[in-house]
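Shown next, in structure tokens, is the structure this report addresses.
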Amino acid sequence: MEQGSAREGARPAYAPGVFPHAPAERRIPEGRVPEQARGEQSRTAQPRTEQPRTEQPRTEHARGEHTHSEPPAPRVVRRHSVRGQILDALRAALVDGELVPGQVYSAPALGARFGVSATPVREAMQRLAVEGAVEVVPNRGFRVSERGPRELAELAEVRALIEVPVMLSLARTVPAHRWSVLRPLAEATVTAAAVGDRAAYAESDRAFHRAVLALSGNEQLVSVADELHRRSQWPLVSSPATRRADLLADASEHTALLDALIAQDLNVVQSLVREHFTGADG
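Right, dumping it as structure tokens:
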């Protein structure tokens with residue numbers, strides 16, 4: 015279903031300094047490499063009854079052996095980039111209507127809201143500008159793109175052209191046990207819908223569709239379809255917030271679609287997918 019609403023005057027989702035999970039730089043602990051023993055044994059005198067053996071001169075290290083040196087400089091390990099976390103937070107705020115279509119937001123102001131500098135916010139916003147979610151406003155910041163029902167309908171049509179034939183083909187060929195593995199993903203959309211968490215629903219919705227299309231083995235198709243899906247989740251101008259009941263209805267279509275795919279009921283698959291794209295949030 016397509017995300018398509020925004021709340022006018024929505025309160026900020028984040029207070030200054032409370033951005034969760036801001037990653038601290040983790041450094042590999044510095045430690046001294048223990049010095050290896052040279053391993054040279056003391057020589058003892060040879061018995062007089064034996065002829066002395068001629069030995070080749072011994073060097074300090076065998077050929078190919080590295081001499082002792084200082085340990086390499088520690089490398090900085092980052093589990094998650096700040097920019098990546100800010101990008102995820104901005105996408106969630108966009109889907110949830112916290113970033114209002116038509117309004118301009120500056121990187122320093124958003125950075126203060128998230129408790130980070132303006133640089134990662136600006137980098138994340140530049141990424142959203144490439145995706146079409148925001149527009150760059152010189153010397154001011156970024157304006158959230160304003161979208162209307164026509165754009166949403168066009169996205170739904172393109173998604174249907176891509177996903178319907180793929181799902182029909184998969185319904186004919188994929189065995190039932192492989193569809194059953196996707197059941198937890200379908201149920202995750204129901205869980206998010208039940209609490210009215212639109213951002214979590216958007217993520218779980220896309221995860222389910224990615225998993226279904228991934229069974230085709232076509233990575234390019236999955237990537238293109240996911241990008242169209244993400245764009246369909248951006249809010250519309252002056253659209254009321256999606257109700258929890260609507261989210262639950264959309265989520266139930268995932269489990270119904272999974273049942274139809276397992277049963278190889280092509281008519282139901284086609285009908286559900288088309289209805290799913292033209293609804294409110296999937």
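Using the working numbering, you'd call the opening residue of the sequence shown number 15 and step up by one each time. The beta-carbon is built from N, C-alpha and C at its ideal position, and this holds for glycine as well.
Sequence-distant residues of the same chain with beta carbon closer than 7 Å to residue i, five excluded per side
i      : result
Ala213 : Ala106, Val109, Asp110
Gly146 : Ser159, Arg245
Val236 : Arg224, Leu227, Ala228
Ala270 : Leu286
Asp240 : Arg220, Arg224
Ser120 : Arg154, Gly155
Minimum C-alpha distance to residue i - residue among the options
i      : options                        : result
Val96  : Ser120, Val151, Ser131         : Ser131
Ala216 : Ala200, Ala167, Ser230         : Ala200
Pro122 : Ala259, Pro115, Val114, Thr133 : Thr133
Trp1   : Ala170, Arg154, Arg127, Arg192 : No answer is possible for residue 1: it lies beyond the span of the chain, which begins at 15 and ends at 296.
Ile276 : Ala239, Ala259, Thr187, Val251 : Thr187
Pro115 : Val151, Val158, Ala147         : Val158
Arg192 : Glu137, Ser230, Ala143         : Ser230
Val180 : Gln234, Gln99, Arg257          : Gln234
Ala190 : Thr269, Gln278, Gln99          : Gln278
C-beta neighbour in chain D for residue i, strict 8 Å
i      : result
Val282 : Reference to chain D is not applicable here, since this structure consists of a single protein chain.
Residue range of the unbroken alpha helix (DSSP H) whose run includes residue i
i      : result
Gly125 : 121–128
Gly98  : 96–109
Val114 : Run containing Val114: none; DSSP gives neither H nor E here.
Arg212 : 212–228
Arg186 : 163–187
Arg244 : 233–246
Val287 : 280–292
Val135 : 132–145
Arg257 : Segment: none, Arg257 is in no alpha helix (DSSP H) and carries neither H nor E.
CB of residue i within 8 Å of CB of residue j, strictly
i      : j      : result
Leu261 : Gly210 : yes
Val178 : Gln284 : yes
Pro156 : Val118 : Per the sequence shown, the amino acid found at residue 156 is Phe instead of Pro. Yes, the Cβ-Cβ distance between Phe156 and Val118 is below 8 Å.
Arg141 : Leu175 : no
Leu280 : Ala185 : yes
Val251 : Arg127 : no
Met139 : Val151 : no
Contacting residues, own chain, Cβ-Cβ under 6 Å from residue i (five flanking each side not counted)
i      : result
Val282 : Ala274
Pro163 : none
Ala265 : Thr203, Val204, Ala207
Leu113 : Ala107, Val158
Arg173 : Leu242, Phe291
Arg154 : Val118
Ala143 : Val150
Leu124 : Val135
Leu104 : Ala138
Ala221 : Leu199
Arg258 : Gly210
Ala27  : Only weak support exists for where Ala27 lies, its pLDDT of 44 falling under 50; the coordinates are left without a value.
Residue interval of the beta strand (DSSP E) (run including residue i)
i      : result
Glu149 : 148–151
Val195 : Where Val195 is concerned, there is no enclosing beta strand (DSSP E), given that its DSSP letter is neither H nor E.
Arg154 : First-last for Arg154: undefined, no H or E at that position.
Cutoff 8 Å; reference residue i; Cβ partners in own chain excluding five residues on either side
i      : result
Leu182 : Leu280, Val283, Gln284
Val238 : Ile176
The segment 181–197 in contact with the segment 226–242 per 3-pair CB rule at 8 Å: Contact between the segment 181–197 and the segment 226–242 is present, because at least three Cβ pairs lie under 8 Å.
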